[in-house]
Amino acid sequence: MLDRDGFRPNVGIILLNQKNQVFWGKRIRTHSWQFPQGGIDRGETPEQALFRELQEEVGLQPEQVRIVARTRDWLRYEVPDRYIRKDARGHYKGQKQIWYLLQLVVPDHALNLRASTHPEFDAWRWNDYWIPLESVVEFKRGVYEMALTELSRYLPRQENRSSFLRQGMRQT
């Protein structure tokens, strides 16, 4: 399903652990790493697509995460022709995405890359929040930067124990 400008509606997912690190998935049988994402089906809301993709790609149920925030508007990126099937060229331009920032509320052993019969990822790791900008495929970098920047203001605050110790406070 494409919009009239040739962009496919999609959701992007930034999943946080308790340390505000982000889930980073390695696409199956490639060396490419990315955030979970996926298309919005006809008749589906972005939030419904979010939960479907979350289950398909990382095996999580809605009650295992908390929605922290989402981007206000669609963020777009164009896909270079070399990544587009020949029969879709001329029609398909790229993705338009609503991005969600989620907090994992269960232990990370609940993540399951094999929850679907068509897995998207074959490995995963936690990264510091901004690290994905260094390694995502170039044509997605601008959208990643916009999403991470817009959603960064909603990051849960972390109490930094070492800053308390530097200020002369003792742990009891």
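This note's numbering puts the sequence shown at residues 298 to 469.
The beta-carbon is built from N, C-alpha and C at its ideal position, and this holds for glycine as well.
Whole-number beta carbon distance between residue j and residue i, since they are thought to touch under 8 Å
i, j, result
"residue 366", "residue 448", "5 Å"
"residue 427", "residue 445", "7 Å"
"residue 429", "residue 332", "7 Å"
"residue 324", "residue 435", "The Cβ separation is near 15 Å, so there is no contact."
Cβ shell of residue i (< 6 Å), same chain only, five flanking positions each side left out
i, result
"residue 335", "350"
"residue 437", "374"
"residue 440", "372, 374"
Distance, residue j Cα to residue i Cα
i, j, result
"residue 443", "residue 372", "8 Å"
"residue 330", "residue 354", "13 Å"
"residue 352", "residue 298", "21 Å"
"residue 348", "residue 451", "20 Å"
"residue 419", "residue 326", "7 Å"
"residue 320", "residue 424", "7 Å"
"residue 469", "residue 305", "Confidence at residue 469 is low in this model, with a pLDDT of 44, below 50, so its placement is unreliable and the value that follows should be read with caution. Cα-Cα distance, rounded: 54 Å."
"residue 300", "residue 432", "29 Å"
"residue 370", "residue 342", "14 Å"
"residue 385", "residue 344", "27 Å"
Whether residue i touches residue j by CB criterion (8 Å)
i, j, result
"residue 390", "residue 303", "yes"
"residue 408", "residue 340", "no"
"residue 401", "residue 361", "yes"
Residues near residue i in its chain [Cβ-Cβ closer than 7 Å; skip 5 each side]
i, result
"residue 288", "Any property of residue 288 remains undetermined from this structure, which presents the chain solely from 298 to 469."
"residue 272", "Outside the shown range of the chain, which is 298 to 469, sits residue 272, and nothing can be said about it."
"residue 338", "346"
If you pair each beta-carbon of the segment 406-419 with each one of the segment 364-378, do three or more pairs fall below 8 Å? no
Any chance the segment 395-409 sits against the segment 307-325, with 3 or more Cβ pairs inside 8 Å? yes
Segment contact flag, the segment 314-321 with the segment 356-366, C-beta cutoff 8 Å, min 3 pairs: no
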